[in-house]
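Below you'll find the structure, written out as structure tokens, and then a few comments.
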Amino acid sequence: MGRRLRRSLKRSRRGKRKLKLKYRMLTWISIRLCRSMTRKWISSVRMSITRTWMIWNVRQGLLQNSKEPLWVLPLYSLLPSHKQAEVFAKPPDGYRLCVVATNVAETSLTIPHIKYVVDSGKTKKKMFDKVTGVTSYEITWCSKASANQRAGRAGRVGPGHCYRLYSSAVFNDEFPQFSEPEIREKPVDDLVLQMKAMNIVKVINFPFPTSPDILQLKSAERRLKILGALEDNPSKGEWCAKLTKLGETMATFPISPRYAKMLALSCQYDLMQYVVCIVAALSVQEVLLQAGGDQKWPLFHRNWAGKGNSLLLGDIMVLLRAVGAAEYSKENLEEFCARNGLRHKAIIEVRKLRVQLTNQINLNLPEFNLVIDPNMKPPTDTQAKLLRKDCPLRFGGPRRSEGRSGGSEGRGG
Numbered sequence: 001m002g003r004r005l006r007r008s009l010k011r012s013r014r015g016k017r018k019l020k021l022k023y024r025m026l027t028w029i030s031i032r033l034c035r036s037m038t039r040k041w042i043s044s045v046r047m048s049i050t051r052t053w054m055i056w057n058v059r060q061g062l063l064q065n066s067k068e069p070l071w072v073l074p075l076y077s078l079l080p081s082h083k084q085a086e087v088f089a090k091p092p093d094g095y096r097l098c099v100v101a102t103n104v105a106e107t108s109l110t111i112p113h114i115k116y117v118v119d120s121g122k123t124k125k126k127m128f129d130k131v132t133g134v135t136s137y138e139i140t141w142c143s144k145a146s147a148n149q150r151a152g153r154a155g156r157v158g159p160g161h162c163y164r165l166y167s168s169a170v171f172n173d174e175f176p177q178f179s180e181p182e183i184r185e186k187p188v189d190d191l192v193l194q195m196k197a198m199n200i201v202k203v204i205n206f207p208f209p210t211s212p213d214i215l216q217l218k219s220a221e222r223r224l225k226i227l228g229a230l231e232d233n234p235s236k237g238e239w240c241a242k243l244t245k246l247g248e249t250m251a252t253f254p255i256s257p258r259y260a261k262m263l264a265l266s267c268q269y270d271l272m273q274y275v276v277c278i279v280a281a282l283s284v285q286e287v288l289l290q291a292g293g294d295q296k297w298p299l300f301h302r303n304w305a306g307k308g309n310s311l312l313l314g315d316i317m318v319l320l321r322a323v324g325a326a327e328y329s330k331e332n333l334e335e336f337c338a339r340n341g342l343r344h345k346a347i348i349e350v351r352k353l354r355v356q357l358t359n360q361i362n363l364n365l366p367e368f369n370l371v372i373d374p375n376m377k378p379p380t381d382t383q384a385k386l387l388r389k390d391c392p393l394r395f396g397g398p399r400r401s402e403g404r405s406g407g408s409e410g411r412g413g
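Next up, the structure:
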């Protein structure tokens, strides 16, 4: 049995129930905390913050305003692997390690020698509107279980302290006991589509371990009917809609139904390779780096938008050119991504998804004999016009409003 180490909790005396907490306040609290500590590198600090841009602002504030020698490192899921690994290394002599992290450091990993934890009590959650199907990110209070998990990061190898920036009254009254199951907080369109493909017609009768809300299932069926994946025949009654031929094809792709329809109908045009690339890029989280990076990156990204009809495609053209440039580049991929503001892991994931989608298309439609061309040229103005108007990209809907019910979801937070 392992040894239990003493851990103390210190809470704010003010019972503020506001969710807004400015990064300047977090910076000031951390500076005061570091001044009160003993000068030993082992007494490291970890701060819990919700947003990536706030991490960089807090880091900059600590470096500029602290009189103590601090070794301030960011940590979040989209940070490159070699940057994440820096938090495990010993800081320079005379410096105190201060890790400014999102909730990726809550359960995913344990940073050694962390003695002090500053917990804001906030988390960034993906909120799903069951009626409209719109998904958005909001800052909310975390659950009591998550707060206790954060406190547990302090004192893993010795006595530790957790400073909570909220009162015990807020903790008891505002914090939920546990987080909601993920199935209740995301669109279930892909789930309903796959179950219909397995001849489970009445999805509502399926014995889920945690059942989705009925409103979620109704909205999912309604959206699938709009996409043409389900029969729209009211005479058969509610919950009895079966897959159409288009729906059967859509169910073979491991992505969101909206993106699956784009692939299923793109065979009508000579744009299949572009649509595969676009769908793969849209299905992967954060291909383009933004926060805390080189100021030249936005200029590169704007240039990738092109002109004419290409410019009217907006972010879709930027993603298409970004993936194409990364594949075409003859230099080391990781170096190219770092120089052009692309997330290396995302480009690798896009590449794997392109291969998977290409293989699936060749399995269903062998006459196309689709291959991935590393020298794929950007679409011409005419092709961009087809992508914008005629190609079923318009069925994809806004990327941020739908959320990625299929494909991969990173995080991070």
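Residue numbering for the sequence shown follows the UniProt record's numbering, beginning at 1 and increasing consecutively.
By construction, the Cβ of each residue, glycine as well, lies at the ideal position given by its N, Cα and C atoms.
Item to check | Unbroken alpha helix (DSSP H) run spanning I361, endpoints | outcome: H344 to N364
Checklist entry - Using 8 Å as the limit for Cβ to Cβ distance, is A281 near chain D? => result The structure shown has no chain D; it contains just one protein chain.
Next on the checklist: Would V284 and R354 qualify as a contact pair, given that the criterion is a beta-carbon distance under 8 Å?
Outcome noted: no
Checklist entry - In the DSSP assignment, what are the bridge partners of A147? => result Partner(s): none; A147 has no beta bridge.
Checklist entry - Is it right to say Q84 is buried, meaning 16 or more other beta carbons lie within 10 angstroms of its own, or is it exposed? => result buried
Checklist entry - Hey, which unbroken runs of the alpha helix (DSSP H) at 4 residues or more fall wholly within the region 182-264? => result 189-197, 214-227 and 245-250
Checklist entry - Which word fits V371, buried or exposed, when buried means at least 16 other C-beta atoms lie within 10 angstroms of its C-beta? => result exposed
Checklist entry - I114 lies in the beta strand (DSSP E); which residues open and close that run? => result I114 to D119
Item to check | Helix, strand or coil at S136 according to DSSP, with G and I counted as helix | outcome: strand
Item to check | Expected contact under 8 Å - CB spacing of V279 and M262 to nearest Å | outcome: 6 Å
Checklist entry - First and last residue of the beta strand (DSSP E) that includes K330? => result Here K330 belongs to no beta strand (DSSP E), and DSSP marks it neither H nor E.
Checklist entry - Going by C-alpha distance, which of D190, K218 and P112 is nearest T132? => result K218
Item to check | Backbone CA spacing between L75 and P69 [nearest angstrom] | outcome: 19 Å
Checklist entry - Beta carbon of V170, beta carbon of Q216: below 8 Å? => result no
Next on the checklist: Rounding to the nearest angstrom, what Cα-Cα distance links L320 and E174 in this structure?
Outcome noted: 44 Å
Item to check | Touch test, the region 147-159 against the region 103-123, Cβ-Cβ under 8 Å, three pairs minimum | outcome: yes
Next on the checklist: Distance check for V58 and G324, CA to CA, integer angstroms please.
Outcome noted: 35 Å
Checklist entry - Does the region 193-201 come within contact of the region 246-261, defined as at least 3 CB pairs closer than 8 Å? => result yes
Next on the checklist: Could you check whether R339 and L78 sit closer than 8 Å to each other, using their CB atoms as the reference points?
Outcome noted: no
Item to check | Span of the alpha helix (DSSP H), counted from its first residue to its last, around A169 | outcome: S168 to E174
Checklist entry - residue 465 and I226 look like a contact to me (Cβ under 8 Å); what is the Cβ gap, rounded to whole Å? => result Past the edges of the chain, shown from 1 to 413, lies residue 465, and the structure says nothing about it.
Next on the checklist: Does L337 come out as helix, strand or coil in the three-state DSSP assignment?
Outcome noted: The question names Leu, but residue 337 is Cys in the sequence shown. The answer is helix: DSSP assigns C337 an H, G or I state.
Checklist entry - Apart from the five residues just before and just after A145, which ones in its own chain have a Cβ nearer than 6 Å to its Cβ? => result F178
Checklist entry - Where do the N-terminal and C-terminal ends of the beta strand (DSSP E) with L97 fall, by residue? => result R96 to A101
Checklist entry - Are P374 and E331 touching if we call contact CB-CB under 8 Å? => result no
Next on the checklist: Between which two residues does the alpha helix (DSSP H) holding P298 run?
Outcome noted: W297 to W304
Checklist entry - Around the Cβ of W304, are there at least 16 other Cβ atoms within 10 angstroms (buried) or fewer (exposed)? => result buried
Checklist entry - Taking the Cβ atom as the reference point for each residue, do W138 and K125 lie within a distance shorter than 8 Å? => result For the record, residue 138 in the displayed sequence is Glu; it is not Trp. Yes, they are a contact pair.
Item to check | Start and end residues, alpha helix (DSSP H) containing R388 | outcome: It is not in any alpha helix (DSSP H) - R388 carries neither H nor E in the DSSP assignment.
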